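Take 49 as the starting number for the sequence shown in the working numbering and just add one per residue. A virtual CB, placed ideally from N, CA and C, is assigned to each residue, including glycine. Please read all numbers here as calculations on a predicted model, not as lab measurements. Notes for the one structure printed next.
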Amino acid sequence: MIDEILSLVREHEDWRWKNCINLIPSENVTSLAVRELLSSDMGCRYTSREKFYMGTKFLDEIELYGEELAKEVFNAETADLRPLSGHIADWIFLSTFTKPGDKIICIKPEDGGYPGIWNEGLAGLLNLKVAPFPFSKEKMNIEVEKAKEVIQTEKPKIVLFGASLFLFPHPVSEIAKVAKENNAIIGYDGSHVLGLIAGKQFQDPLREGAHVLLGSTHKTFFGPQGGILLAYERYGEEMKRLIHPRFVDNAHWNRIAALTLALAEMKEFGKSYAQQVICNAKKLAEALADYGFSVMCREYGFTSSHQVILNYGGYKQGRKIARKLERVNIIVDSGVRIGTCEVTRRGMKEGEMEKIAELIKRAMDGENEEKIRTEVRRMAKEFQEINYCFKN
Ligand SMILES: Cc1ncc(COP(=O)(O)O)c(C=O)c1O
49 MIDEILSLVR
59 EHEDWRWKNC
69 INLIPSENVT
79 SLAVRELLSS
89 DMGCRYTSRE
99 KFYMGTKFLD
109 EIELYGEELA
119 KEVFNAETAD
129 LRPLSGHIAD
139 WIFLSTFTKP
149 GDKIICIKPE
159 DGGYPGIWNE
169 GLAGLLNLKV
179 APFPFSKEKM
189 NIEVEKAKEV
199 IQTEKPKIVL
209 FGASLFLFPH
219 PVSEIAKVAK
229 ENNAIIGYDG
239 SHVLGLIAGK
249 QFQDPLREGA
259 HVLLGSTHKT
269 FFGPQGGILL
279 AYERYGEEMK
289 RLIHPRFVDN
299 AHWNRIAALT
309 LALAEMKEFG
319 KSYAQQVICN
329 AKKLAEALAD
339 YGFSVMCREY
349 GFTSSHQVIL
359 NYGGYKQGRK
369 IARKLERVNI
379 IVDSGVRIGT
389 CEVTRRGMKE
399 GEMEKIAELI
409 KRAMDGENEE
419 KIRTEVRRMA
429 KEFQEINYCF
439 KN
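The structure is reproduced here in structure tokens:
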């Protein structure tokens with residue numbers, strides 16, 4: 049039994065790391081040091097605000113250390129590392145500032161918004177009414193003037209920026225004034241672009257008018273899987289008051305230690321990492337478009353984030369493409385969203401993006417799969433080192 053369990057994990061690691069090129073934009077790899085902290089004794093321990101548990105002095109210290117570092121990296125007045133995921137961070141934010149029947153505005157799933165916020169997800173759970181942001185599919189962005197009108201008529205309690213399909217910065221500063229005049233609280237779900245924000249290469253939601261920036265810590269932000277809340281004091285303190293015991297009991301202290309180390313890496317290497325992620329995405333988009341793929345937003349430079357979107361009209365067609373690429377060890381989702389965060393962390397640059405585009409083209413043209421797989425494997429083996437982290 050033990051052998052079977054261990055071998056499943058090893059086979060997975062061997063396949064995904066040594067044999068595949070991973071282009072899923074919501075995934076990344078942690079440094080070995082971050083990974084090591086995930087398996088530390090901290091993962092076996094409890095703390096509580098009321099000091100019910102003894103033996104927590106180093107855990108308490110790491111929490112404070114992590115919060116201070118997060119405040120520095122994001123220039124935020126408060127930080128909370130306890131949310132166990134981006135979804136839970138969304139839940140804490142929405143639940144703290146709404147009551148049943150309130151209205152929120154965000155991007156609808158058909159336009160690339162995060163489905164977990166909509167009626168099937170948190171809005172349904174919390175009994176909120178959701179109105180969609182007016183959205184231009186052509187520009188893949190919120191329509192500013194129409195959005196202002198919707199805010200004036202709907203008077204939402206929450207205006208929530210951010211999305212799962214996320215190519216360009218959202219017009220936070222353009223909309224924040226009207227939202228504030230109408231007493232809305234402004235949130236920004238930066239789950240996808242948090243590492244680009246930390247590296248100061250995308251947008252700065254807290255300076256542009258958002259009261260709260262929240263998100264996952266494992267997509268462009270290269271930490272362990274988890275969530276984070278960053279906010280101005282008034283809003284941050286209100287969320288902190290409710291997190292425990294409403295949304296999180298044990299906050300998983302190994303994760304928080306690992307996240308703290310990832311924050312330190314981001315502080316040191318975030319800028320060059322984020323710049324390269326975006327350069328790689330632009331190059332990959334361009335190369336794919338040159339091969340004749342239908343890449344979204346050509347007229348707008350394809351992307352300013354880590355994502356490239358192939359527009360094949362929905363998940364059904366997208367899944368066919370994703371399956372075909374999986375057979376040659378190129379891993380994407382059914383969006384088809386393609387992300388450059390992990391390959392950048394592996395040290396790949398523009399030249400490798402051109403090669404990846406070529407491999408995708410040949411796979412889609414039906415060339416011999418074993419031949420392409422061999423080339424993908426060779427590339428994966430060549431880029432085994434994790435970059436933008438402390439070397440020892
Ligand atoms: C915009 C957005 N918010 C939240 C989430 C949920 O994040 P997590 O998987 O960390 O719960 C996702 C998931 O991909 C997302 O795209």
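When secondary structure is reduced to three states using DSSP, Gln273 falls in the coil class, being assigned neither helix nor strand. Counting only residues of its own chain and dropping the five nearest sequence neighbours on each side, Asp108 has a CB closer than 7 Å to the CB of Thr95. Non-local C-beta neighbours of Gly91 in its own chain, meaning closer than 8 Å and more than five positions away in sequence, comprise His300, Trp301, Asn302 and Arg303, ordered along the chain. Apart from the 5 residues on each side of it in sequence, Leu278 sits with its Cβ closer than 6 Å to the Cβ of Phe122, Ala124, Ala127 and Leu261 in its chain, given in chain order. The three-state reading of DSSP puts Tyr236 in strand, counting E and B together. Residue pairing by DSSP puts Val343 in a beta bridge opposite Leu358. For Asn298, the closest of Asp138, Thr104 and Trp63 by C-alpha to C-alpha distance is Thr104. In the assembly as shown, Gly340 is an exposed residue. Its beta-carbon has fewer than 16 other beta-carbons within 10 Å. Pairing Gln249 with Gln365 gives a Cβ-Cβ distance that is not under 7 Å. Annotation: Val376 to Ala179 spans about 41 Å, alpha carbon to alpha carbon. Contact annotation, Pro219 with Ile153: C-beta distance approximately 13 Å; criterion of less than 8 Å not satisfied. Taken through DSSP and simplified to helix, strand or coil, Asp128 comes out as strand.
Checking the DSSP bridge columns, you'll see Pro253 has no partner listed. Pro148 sits in coil when the DSSP states are folded into three classes, being neither helix nor strand.
With contact defined as three or more Cβ pairs closer than 8 Å, the segment 152 to 169 and the segment 329 to 343 are not in contact.
Counting other Cβ atoms within 10 Å of its Cβ, His60 stays below 16 and is therefore classed as exposed. In this structure, the CA atom of His135 is about 8 Å from the CA atom of Ser264.
Listed by position in the chain, the residues whose beta carbon lies within less than 6 Å of some heavy atom of ligand 1 are Ser74, Ser133, Gly134, His135, Asp138, Tyr162, Gly164, Gly210, Ala211, Ser212, Asp237, Ser239, His240, Ser264 and Gly275. Distance check between Pro253 and each of Gly210, Glu286 and Glu347 places Gly210 closest, using alpha-carbon atoms only. Going by beta carbons, Ile357 and Arg385 fall inside the 7 Å limit.
Under the DSSP assignment, Ile206 falls outside any alpha helix (DSSP H), being part of the beta strand (DSSP E) whose first and last residues are Ile206 to Phe209.
DSSP places Ile69 in the strand class (E or B) of the three-state scheme. In this structure, Ala232 keeps its C-beta atom at 7 Å or more from the C-beta atom of Ala335. Taken atom to atom, the span from the alpha-carbon of Lys194 to that of Val241 is near 25 Å. Lys177 has Lys151 as its beta-bridge partners, per DSSP. Within the segment 360 to 439, the complete alpha helix (DSSP H) runs of at least 4 residues fall at 363 to 375, 389 to 393, 398 to 412 and 417 to 430. Short of 8 Å from the beta carbon of Gly164, and not among the five residues preceding or following it, lie these beta carbons of its own chain, in chain order: His135, Asp138 and Leu170.
With fewer than 16 neighbouring CB atoms inside 10 Å of its own CB, Gln432 falls in the exposed class.
Contact holds between the segment 389 to 399 and the segment 68 to 88, because three or more Cβ pairs, one in each stretch, are under 8 Å apart. Positions of the alpha helix (DSSP H) runs, each at least 4 residues long and wholly inside the segment 81 to 144, are given as 105 to 122 in order along the chain. CA-CA distance, Ala224 to Leu129, rounds to 26 Å.
For Val192, the secondary structure class from DSSP, reduced to helix, strand or coil, is helix.
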